[in-house]
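Residue numbering for the sequence shown follows the working numbering, starting at 461 and increasing by one per position. Following: one structure in structure tokens, then a few remarks.
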Amino acid sequence: MMMHIKHEAEERHVLTVTVDNEAGILAKIAGLFTARGYNIDSLTVADITENHSVSRITIVTHGPPSQIDQIHAQLERLVPVHKVVDLTEVGPYVQRELALVKVAGVGEKRVEALRIADVFRAKPVDTTTGSFIFELTGAPDKIDTFVTLMRELGLVEVGRTGIVAMIRGAEEA
């Protein structure tokens, strides 16, 4: 008798988690993912209140729908968590990421790097006679494409902030 294991399709989800701004909360959340073997593709944290009491964590993860549901439920059970929102499920949302991309090159490669940077609206924030550091903001796919193109022109190093995201419209997620 042959057993067939059913595999659910993996989905990418963007979660926002509103938490008390206290020592160790990020470690608790990362530990929750680690203990269960879940992957974090991107993680950003920012203080969002004037009195510094609340932070917003944006987590990008992927997995089958049942795993995403488990992540959501387990995050909500953590004591300092106020709210968990799966932007992927709520509706249209805007996501952005910042990248610094260092490219070394001279001659035609240097000219081509500047031309491509202009097309992508990447701003040179540091320039030497042999290299540029470009600053680029946009959707992750845009940054991925820019980095791929720069690989052919002398990519040296890439630093990325991780994704921040918000639901579209006037309401708060």
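Just so you know, even glycine gets a beta-carbon here, dropped at the ideal spot from N, CA and C. Note that this is a predicted model, so its numbers are computed, not measured.
Quick check on the burial criterion: 16 or more other C-beta atoms within 10 angstroms. Buried or exposed for residue i?
{"i": "threonine 518", "result": "buried"}
{"i": "glycine 491", "result": "exposed"}
{"i": "alanine 559", "result": "buried"}
{"i": "arginine 575", "result": "exposed"}
{"i": "threonine 509", "result": "exposed"}
{"i": "glycine 497", "result": "exposed"}
{"i": "glycine 523", "result": "buried"}
What is the DSSP secondary structure of residue i, counted as helix, strand or coil?
{"i": "proline 584", "result": "strand"}
{"i": "threonine 478", "result": "strand"}
{"i": "glycine 491", "result": "helix"}
{"i": "leucine 609", "result": "helix"}
{"i": "alanine 469", "result": "coil"}
Could you please give me the residues that DSSP links to residue i through a beta bridge?
{"i": "leucine 558", "result": "Thr597"}
{"i": "glutamate 572", "result": "Answer is none; glutamate 572 lacks a bridge partner."}
{"i": "isoleucine 500", "result": "Thr521"}
{"i": "arginine 620", "result": "Ala559"}
Going by beta-carbon coordinates alone, are residue i and residue j separated by less than 7 Å?
{"i": "isoleucine 623", "j": "serine 502", "result": "yes"}
{"i": "lysine 583", "j": "glutamate 595", "result": "yes"}
{"i": "valine 479", "j": "serine 515", "result": "yes"}
{"i": "glutamate 632", "j": "proline 540", "result": "no"}
{"i": "alanine 564", "j": "serine 591", "result": "yes"}
| query | Which whole runs of the beta strand (DSSP E) in the segment 504–547 are 3 residues long or more, in chain order? | reply | Listed in chain order, they are 514–523, 541–546.
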